[in-house]
Structure formats: structure tokens, C-alpha cells
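Undergrad: In the working numbering, the protein residues as written are 1 to 301. Take this structure, written in C-alpha cells, and hold onto it; I'll ask about it next.
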Amino acid sequence: MPSKEDRVSRIMRILSDSTSFLIFLIILIVSSAAAIKISQNSNFLSSGGIIHISPIPCIKKIYLQQNTVEGEPAWLETKIENEDLCLPADKVMELNNSFKLAESISLLAVLVTFIGILLPILGFFSLKHQREALEATISKDIDDQLALYKNEIKDIEDRINNSRSQIESLPFIILEASKFRQKYLIHQFHLLSSAKDNVDDISNKLKSINSIFAAAFSLEYALINLSFKDKEGVRESFEKISNFIAPEDVGNNEPHIKELNKILVHLYRVGAFSSAGKLETLNDFLRNKLMIDPAQWYREM
């Protein structure tokens, strides 16, 4: 699941990639609004625009000087038809409206041309920005992948080193497990020979001897498995050990617990419990089976 930082970074990249489109959209809206505003409300165009034709009246008023009856000068208004140069007002209005429409279309064409010139520039910067963002993303992905590979290589090296240490210590573990088996046999046979119940019962003695041998070899095998088994194998080995060594029976099992503790300390030092699962299993065994505080065990080992 992506983290909060990754989601924020992805959103910022999307917003930055759409910057050019937003700029283009804003310019287009502003330009269109300006063109409409100019074509509708501009004093320049509404007053006549660039090209403006004034109407030519069909009837002219001419004032001629003429003396009155009393002999005083006066102006006489005379109307003359002017059909050759006549240009009625309604036709002039149509022409002027056509000119205004043409001027508005020309202005829109200029704006569209400007946007057409601006669009490749915005596209160039957008592609440049996308390329830089892509390069940064690829570089980050490569760095993350390299870091992941380095961590995996380090884990493999650690496992190899731990395996090497465990293999090197395996002869010691086998020897100690064998000694543990022998001491366990000697101690159990001593307890059997000193028992007062059913001393003359040879059948029971033989059964006890067989069970003692089976327990001793099972303990030896379980101790050896602790050095190279996985978490589940370590847990099964500890269960076998706890079946034959009861911490509550201190008088009978205290020597075995001391020897077992010695082997566990060596296994811990060579990295047999390096993984979190194995270490958790060891702590559970110390706490629940041997009745030992793990923190104290680590301090005293």
C-alpha cells in the first residue's frame, strides 16, 4: 500500500503536469471573453470601428441669398434632389454593421493566431516538464530498487555468515549434545538404581531403561536440530526437550538444565537464533519451560 508521502508526491506530479493545460485554458477563456466584450461594448467599434461610412442624404438643403420685397437680403431654403450620390441611412447602417462584424472576426482571428503561436510554446514547456518529472521518477525508482537489492544482498550475506558460523560450530554442538545425552543417561540410571519402588520388578526396570535411552537420543537429536532448523523446527525441538526436562522437578533436572543452558548460550552466540521467529521461540522456551527471565538470561550469558 502506498504511503502518504507517495500519494502526495503523485498528486503534486499530476497537478504540475496539467499546469500548461490550465494556462492554455485560462488564456483561451480570457481571450474569448475579451473578444466578446470588445465586439459588444467597445466604444471604438460601436462608434464606427476602423472603417466607418457616413450616410449621404438624398435631399440637400441649399440656402440662397435673395432680397426681400423691401430690398433687404435674406436666405431662402431650397431642397434639391441628389440621386447620383444618394446613400440612405439604412443602407449605411447595414454596411457599418458588416464592417463591424468583419472587424470582430478579424480580432478573433488575431487572438486565435496568438493562441496558436502560444500553444506550441506551452506544449514545449509541458513536454520539458514531463520529461524532467519522468527522469526524476525513474531515477527515484532506480535508487529505491538498488537500495532494495543492497538490503537483499546484505540479508543473504548475513544468512551466509550465520550459516557458516553454525556449520563451523556444528562439531561443537554435536559433541555437547553427545555429552548431554551421556550425562542424562548416567543421571537417569542413577535415579533408577536408587529407586525403592518395584526394585525387584525386572520387567519395569527394562521398560524404564528403554524409555531412558529413547529420551536421551531424542534430546540429543533435538539439540542438534536447534543449530540449523527453521522457526517451526526449533519450536518442535524445544517441545521435545521440555517433554523430558521438567523445570519444576529441580532435584532431578537441575544438572540437565545447566548443561542445556550452556548449549543454548553457545547457539545464541553463533547466530542460531538470528531471525525474529527463532528468537521469539527461544524467549518463549526460556520463560515458559525453564522459568527464566529472558532479559536476565541475556545479561548473564
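C-beta: ideal position from N, C-alpha, C; glycine also.
Straight-line CA distance for V265 to Q145?
TA: Cα-Cα distance, rounded: 38 Å.
Undergrad: F238 by DSSP, collapsed to three states: which one?
TA: Looking at F238 - three-state DSSP - the assignment turns out to be helix.
Undergrad: Looking at the structure shown, is M301 part of a helix, part of a strand, or coil, going by DSSP?
TA: DSSP places M301 in coil when its eight states are reduced to three.
Undergrad: For D143, does the three-state DSSP call read helix, strand or coil?
TA: DSSP places D143 in helix when its eight states are reduced to three.
Undergrad: Assess contact between the region 173-183 and the region 137-157, defined as three or more Cβ pairs (one per stretch) separated by less than 8 Å. Is contact present?
TA: Cβ pair count under 8 Å is below three, so no.
Undergrad: What do you reckon, are the CB atoms on L267 and L226 nearer than 9 Å?
TA: In this structure, L226 lies closer than 9 Å to L267 by Cβ.
Undergrad: Thinking C-alpha only, which one of K262, N243, F273 is nearest S211?
TA: Checked all of K262, N243, F273; the closest Cα to S211 is N243.
Undergrad: Going by DSSP in three states, A272 sits in which element: helix, strand or coil?
TA: If DSSP states are grouped into helix, strand and coil, A272 belongs with coil.
Undergrad: Express the C-alpha separation of I138 and M301 in angstroms, rounding to a whole number.
TA: Near 49 Å, if we compare the C-alpha coordinates of I138 and M301.
Undergrad: For the region 150-158 against the region 221-236, do three or more pairs of beta-carbon atoms, one drawn from each stretch, fall closer than 8 Å, so that the two count as touching?
TA: The region 150-158, when compared against the region 221-236, does not touch it at the 8 Å Cβ threshold.
Undergrad: For F99, which of helix, strand or coil comes out of DSSP?
TA: Reduced to three states, the DSSP call for F99 is helix.
Undergrad: Should E239 and E176 be called a contact, given that it needs their Cβ atoms to be closer than 9 Å?
TA: Cβ atoms of E239 and E176: not closer than 9 Å.
Undergrad: Residues in the same chain with beta-carbon distance under 6 Å from S218, minus the five sequence neighbours each way, listed in chain order, please.
TA: If we look at S218 and ignore the five residues flanking it on each side, its Cβ neighbours are K240.
Undergrad: Output the distance between the C-alpha atoms of F172 and R269, rounded to the nearest integer angstrom.
TA: About 13 Å.
Undergrad: For I156, which of helix, strand or coil comes out of DSSP?
TA: Correct three-state label for I156: helix.
Undergrad: With a threshold of 8 Å on Cβ separation, who are the neighbours of L279 within its own chain once the five nearest residues in sequence on each side are excluded?
TA: Excluding positions up to five away in sequence, the list reads F273.
Undergrad: Given a threshold of 16 other Cβ atoms within 10 Å of its Cβ, counted over all protein chains shown, does S98 qualify as buried or as exposed?
TA: Exposed, since its Cβ has fewer than 16 Cβ neighbours within 10 Å.
Undergrad: In angstroms with no decimal places, state the Cα-to-Cα distance between E220 and I156.
TA: Straight-line Cα distance between these residues: approximately 30 Å.
Undergrad: With the cut-off set at 9 Å, would you say I245 and I257 are in Cβ contact?
TA: Yes. Within cutoff.
Undergrad: Let me make sure I understand the geometry here. Which of A215, H129, L170 has the alpha-carbon closest to that of Q189?
TA: Per the sequence shown, the amino acid found at residue 189 is Phe instead of Gln. For the residues A215, H129, L170, the minimum Cα distance to F189 belongs to A215.
Undergrad: Quick check on L114: does DSSP put it in helix, strand or coil?
TA: The sequence given here has Phe at residue 114, not Leu. Residue state, collapsed to three classes: helix.
Undergrad: Helix or strand or just coil, what does DSSP make of Q296?
TA: Reduced to three states, the DSSP call for Q296 is helix.
Undergrad: Look at the alpha carbon of I26 and the alpha carbon of Q130, and state the distance between them as a whole number of angstroms.
TA: Their Cα atoms are separated by approximately 20 Å.
Undergrad: Could you name the residues of the same chain whose beta carbon sits closer than 7 Å to that of W297, not counting the 5 residues immediately before and after it, in chain order?
TA: Here the set comprises L286.
Undergrad: Between the alpha carbons of V110 and F124, how many angstroms are there, rounded?
TA: Taking the straight line from one Cα to the other gives about 22 Å.
Undergrad: Taking DSSP as the reference, what is the three-state secondary structure of F228?
TA: Residue state, collapsed to three classes: coil.
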